[in-house]
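Heads up, the sequence shown is in numbering that gives the first Met the number 0, so the first residue is 0 and it goes up one at a time. The structure appears right after this line, and notes come after that.
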Amino acid sequence: MNIQTTAAPSGQGDQVLGADRLNELFVQHLMSDAVVEPAGAYERQRFEAAARSVRYLLSQRWIETQRHYDRQNPKRVYYMSMEFLIGRSLSNNIANLMLHPLVERALRDQGLDVMAMVDQEPDAGLGNGGLGRLAACFLDSMATMQLPAMGYGLRYEYGMFSQSIVDGWQRERPDNWLRRQDPWEISRRSEAVEVKLAGSFEMHNESLQVVPNRPSVLVGVPYDRPIVGFGGRTINSLRLWNAAAHDTFDFQEFSTGDFVGALVGGISAQTVTRVLYPDDSTEMGQGLRFVQEYFLVACSLADLVRRFRSANDDWSTFPEKVAIQLNDTHPTLAVPELMRILLDEAHLGWDEAWDITRRTLAYTNHTLLPEALEKWPLHYFRNLLPRQLEIIYEINQRFLSEVRRVYPGDEARIERVSLIEEGAEDKVRMANLAIVGSHSTNGVAAIHSRLLRSATVKDLAEIFPERFNNKTNGVTPRRWLMLANPGLAQAITTVIGDGWVTDFGQVARLKPSADDRGFHQTFLATKREAKVDFSNWLKAASGEVVDPDSIFDCQVKRIHEYKRQMLNALRVVILYNRLRTGSATDMAPRTFFFAGKAAPAYRLAKLIIKFINNLAGTIDGDPVARGRLKVVFLPEYSVSLAERLIPASDVSNQISTAGYEASGTSNMKFMMNGALTIGTRDGATIEMAEEAGEENFFLFGLTAQQVSDTAGWYDPYWHYHNDPETRAALDLIASDYFSQNERGVFAPLLDRLLKNGDRYLHLADLGSYLEADRALCELYADRDAWARKAILNVAGSGKFSSDRTIAQYATEIWGVTPCPAP
Numbered sequence: 000m001n002i003q004t005t006a007a008p009s010g011q012g013d014q015v016l017g018a019d020r021l022n023e024l025f026v027q028h029l030m031s032d033a034v035v036e037p038a039g040a041y042e043r044q045r046f047e048a049a050a051r052s053v054r055y056l057l058s059q060r061w062i063e064t065q066r067h068y069d070r071q072n073p074k075r076v077y078y079m080s081m082e083f084l085i086g087r088s089l090s091n092n093i094a095n096l097m098l099h100p101l102v103e104r105a106l107r108d109q110g111l112d113v114m115a116m117v118d119q120e121p122d123a124g125l126g127n128g129g130l131g132r133l134a135a136c137f138l139d140s141m142a143t144m145q146l147p148a149m150g151y152g153l154r155y156e157y158g159m160f161s162q163s164i165v166d167g168w169q170r171e172r173p174d175n176w177l178r179r180q181d182p183w184e185i186s187r188r189s190e191a192v193e194v195k196l197a198g199s200f201e202m203h204n205e206s207l208q209v210v211p212n213r214p215s216v217l218v219g220v221p222y223d224r225p226i227v228g229f230g231g232r233t234i235n236s237l238r239l240w241n242a243a244a245h246d247t248f249d250f251q252e253f254s255t256g257d258f259v260g261a262l263v264g265g266i267s268a269q270t271v272t273r274v275l276y277p278d279d280s281t282e283m284g285q286g287l288r289f290v291q292e293y294f295l296v297a298c299s300l301a302d303l304v305r306r307f308r309s310a311n312d313d314w315s316t317f318p319e320k321v322a323i324q325l326n327d328t329h330p331t332l333a334v335p336e337l338m339r340i341l342l343d344e345a346h347l348g349w350d351e352a353w354d355i356t357r358r359t360l361a362y363t364n365h366t367l368l369p370e371a372l373e374k375w376p377l378h379y380f381r382n383l384l385p386r387q388l389e390i391i392y393e394i395n396q397r398f399l400s401e402v403r404r405v406y407p408g409d410e411a412r413i414e415r416v417s418l419i420e421e422g423a424e425d426k427v428r429m430a431n432l433a434i435v436g437s438h439s440t441n442g443v444a445a446i447h448s449r450l451l452r453s454a455t456v457k458d459l460a461e462i463f464p465e466r467f468n469n470k471t472n473g474v475t476p477r478r479w480l481m482l483a484n485p486g487l488a489q490a491i492t493t494v495i496g497d498g499w500v501t502d503f504g505q506v507a508r509l510k511p512s513a514d515d516r517g518f519h520q521t522f523l524a525t526k527r528e529a530k531v532d533f534s535n536w537l538k539a540a541s542g543e544v545v546d547p548d549s550i551f552d553c554q555v556k557r558i559h560e561y562k563r564q565m566l567n568a569l570r571v572v573i574l575y576n577r578l579r580t581g582s583a584t585d586m587a588p589r590t591f592f593f594a595g596k597a598a599p600a601y602r603l604a605k606l607i608i609k610f611i612n613n614l615a616g617t618i619d620g621d622p623v624a625r626g627r628l629k630v631v632f633l634p635e636y637s638v639s640l641a642e643r644l645i646p647a648s649d650v651s652n653q654i655s656t657a658g659y660e661a662s663g664t665s666n667m668k669f670m671m672n673g674a675l676t677i678g679t680r681d682g683a684t685i686e687m688a689e690e691a692g693e694e695n696f697f698l699f700g701l702t703a704q705q706v707s708d709t710a711g712w713y714d715p716y717w718h719y720h721n722d723p724e725t726r727a728a729l730d731l732i733a734s735d736y737f738s739q740n741e742r743g744v745f746a747p748l749l750d751r752l753l754k755n756g757d758r759y760l761h762l763a764d765l766g767s768y769l770e771a772d773r774a775l776c777e778l779y780a781d782r783d784a785w786a787r788k789a790i791l792n793v794a795g796s797g798k799f800s801s802d803r804t805i806a807q808y809a810t811e812i813w814g815v816t817p818c819p820a821p
């Protein structure tokens, strides 16, 4: 990762220290921590020494930030999330501290390779996708904007999984990102908290099982990581909780000969934070995730209550000093847990406790898919959290009584809004609980918020219309433009100055340059340089050779049917078929990049990955496509990979079925890096097109309303019978052309598209997609016209900074203001 940054607005990096001092720190850490001379150090040892040197430089400001908050006692934000996909920290912290010139000189003096050192840091395995990366961007913005804030998450020992491709299939391996000590984290064992459960854990046949009616205690040990605001003026904390047993070793059992039993308690407890998002297709996986969610909530609430009580005696002021944002439904147990604290520990009355809880908590919804709204079986509550279940029942009883008063006789509405879903197994509806128990529910794009109110939770929105609002997502331009794409960042700075780094709305001043042919050439040169850099890295990392002069066409995101990687693959099949049949004679060279992980239990998503890889292999082996079409599936998609690929991309595919994607944030990263979007009118893509002008996007497909209107009558066979290219593509797949040694392997994909009704309307949008693709290729042939639209996209991306999003959260939901340390 290139860690060059735009020029520091304040020149603060040069004021902090000199390169000689940095060199001295680097050598000191090698000698004291690794006990090795610089000349004999391994790359990993050098990375750790560099990271600890940078951590030393920021530590004083980190301490001062926290001390200043304690002195001022401002209202604080606590951002609670099961994921924080923070990526690597060394390059990001150097950039935000504006230390790059000094670091570069110091390492040059040591004769060291900066890139080799940075690559020694693994991506932190603390998240899965957009939800976690959004949380990371939000923390960056809160620190940059000098808001008194803290992130709360879990310290997963293993990330989701490490993805490799074997014979085209996804293979999952453990992602033990903490196998080596992380130089950024600080253990705060003195601030550990106890988490009491009504049940306990046992290991049976290597499975973790809940034992009811046997109370147990977990210990949450906090590990803090610095969150450096740009300029280094404010350094907030991300506090991650690690689970341990109350007594990790039972000496009595050990002394009687039960050596294994003596350790089981510790092993069971540590399992709670062993892995990110356990496979919830099994009962064991579901139970572990439930415990993870409560563990996060219980530890975090205990910690923030301690902070509040250290400076405040009056519980009624709690909402004036504390704002808690629930990032999706995962932390929703904060509603009954905060009530438990206020009722049982603070001894407040119900009405006061409920008023405090609602005014403190706010909830962000991230999905329109009903199946993605969490519901937890009651037996988990009965066995582990019976007191919290009592509180949920009481909340529900009082809430439904009020609904009956307002809507007398409407028992159907009562059933829909109840916190308890009755059925073969009663469940708690976590989204309903979050909405009822908070003062704000926000969606993350305008269309998402509208559909949330009008469809997903329509009844609750009618009951609490004042609680619903929109906060369109954003991403941090420091990481996703300044750090990831230094060539383009410098080109922008040359034209409009460097104020855009912390006020990204200023990129709108780039619009006049869209008609400047000189800037066209500068823009195209920076794009080609990024493509060459990516091509060289890809060849060195994997041996894969791609042509930097081809169109880099990308779709990178979690593999899911509604995100429609299969629609993209069908497009490629049709383009390839045109080459095979000789109907395409002037096709521009194109490279199609796919990347993303499929959940281990999501078989069809894994089959889509297999199809993309078989498609890639078939095209590679056909001379007719050589030099014209290439498909590459990039395994192990991560923040670090995205930082390399996005700046090099010409085309961004945002092709989810309209009405299904809440927002999307990769679309914003591509836009601010000058890629043009081919996409549906879904999520934040709609607002992006409004900002840059629809004429500068390649929009296609059904709208969300049209998608809704197709329910009940859509027949994918119509397209099969009436669209010759669609039929030819599907027939080619059915003939095992892409699976000659694996006959019938892709039959489930064809069944899903045809026999099972094509729920996500791939075939309905395929013709429109191809037409947009044709227009895209025609534009690409005119380099000045392409550059003009790409520059207008960059100039129109100012709205999609996470700084703007956080400013709206701060003023419209949290009621917090900056608290800059002197």
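C-beta atoms are modelled at their ideal positions from N, C-alpha and C, and glycine is treated no differently. All figures in this text were calculated on a predicted structure; none of them were measured in a lab.
Chain-order list of residues whose beta-carbon lies under 6 angstroms from that of residue i (same chain, five-residue window excluded)
{"i": "Ala460", "result": "Arg452 and Phe467"}
{"i": "Met338", "result": "Ala352, Thr356 and Ile390"}
{"i": "Val113", "result": "Leu106"}
{"i": "Gly158", "result": "Gly124, Asp174, Trp176 and Leu275"}
{"i": "Asp257", "result": "The predicted model places Asp257 with a pLDDT of 41, which falls under 50 and marks its position as unreliable, so this point remains unresolved."}
{"i": "Trp168", "result": "Lys609"}
{"i": "Trp183", "result": "Ser88 and Arg224"}
Beta-carbon proximity list for residue i, same chain, < 7 angstroms, skipping 5 on both sides
{"i": "Tyr379", "result": "Gly286 and Phe289"}
{"i": "His365", "result": "Leu130, Asp327, Val443 and Ala661"}
{"i": "His559", "result": "Ala604"}
{"i": "Ala688", "result": "Phe696 and Leu698"}
{"i": "Val227", "result": "Leu57, Asn92, Asn95, Leu96, Ala142 and Ile234"}
Residue i versus residue j - alpha carbon distance
{"i": "Phe591", "j": "Ile93", "result": "33 angstroms"}
{"i": "Gly595", "j": "Tyr575", "result": "23 angstroms"}
{"i": "Phe137", "j": "Met144", "result": "10 angstroms"}
{"i": "Ala703", "j": "Leu450", "result": "9 angstroms"}
{"i": "Thr567", "j": "Arg187", "result": "Checking the displayed sequence, the identity of residue 567 turns out to be Asn instead of Thr. If you take the alpha carbons of Asn567 and Arg187, they lie about 48 angstroms apart."}
{"i": "Asp223", "j": "Leu482", "result": "24 angstroms"}
{"i": "Asp350", "j": "Leu341", "result": "11 angstroms"}
{"i": "Asp621", "j": "Tyr736", "result": "12 angstroms"}
{"i": "Ala305", "j": "Glu686", "result": "The sequence shown places Arg at residue 305, rather than the Ala named in the question. Going from the Cα of Arg305 to the Cα of Glu686 covers about 41 angstroms."}
Three-state class that DSSP yields for residue i in the structure shown
{"i": "Gln180", "result": "coil"}
{"i": "Asn241", "result": "strand"}
{"i": "Tyr392", "result": "helix"}
{"i": "Arg753", "result": "Going by the sequence as given, residue 753 is Leu instead of Arg. Of the three classes helix, strand and coil, the one that applies to Leu753 here is helix, per DSSP."}
{"i": "Gln251", "result": "Reliability of the predicted coordinates at Gln251 is poor, the pLDDT of 45 falling under 50, and no value is obtained from them."}
{"i": "Gly682", "result": "coil"}
{"i": "Thr493", "result": "helix"}
{"i": "Tyr151", "result": "strand"}
{"i": "Ser541", "result": "helix"}
{"i": "Ser734", "result": "coil"}
{"i": "Gln387", "result": "helix"}
{"i": "Phe696", "result": "coil"}
{"i": "Asn468", "result": "strand"}
{"i": "Val631", "result": "strand"}
Beta-carbon spacing of residue i, residue j below 9 angstroms
{"i": "Leu418", "j": "Val427", "result": "yes"}
{"i": "Glu424", "j": "Leu377", "result": "yes"}
{"i": "Pro476", "j": "Ser800", "result": "yes"}
{"i": "Gly797", "j": "Phe503", "result": "yes"}
{"i": "Asn672", "j": "Asn472", "result": "no"}
{"i": "Leu101", "j": "Gly231", "result": "no"}
{"i": "Arg751", "j": "Arg742", "result": "no"}
{"i": "Ala134", "j": "Leu217", "result": "no"}
{"i": "Thr440", "j": "Ala507", "result": "no"}
{"i": "Ala430", "j": "Glu373", "result": "yes"}
Contacting residues, own chain, Cβ-Cβ under 8 angstroms from residue i (five flanking each side not counted)
{"i": "Leu399", "result": "Ile413, Val416 and Ser417"}
{"i": "Thr272", "result": "Leu153, Arg154, Tyr155, Glu156, Trp240, Asn241, Ala242, Gln291 and Phe294"}
In chain order, each beta strand (DSSP E) run of at least 3 residues that lies wholly inside the stretch 390 to 461: 426 to 428 and 440 to 442
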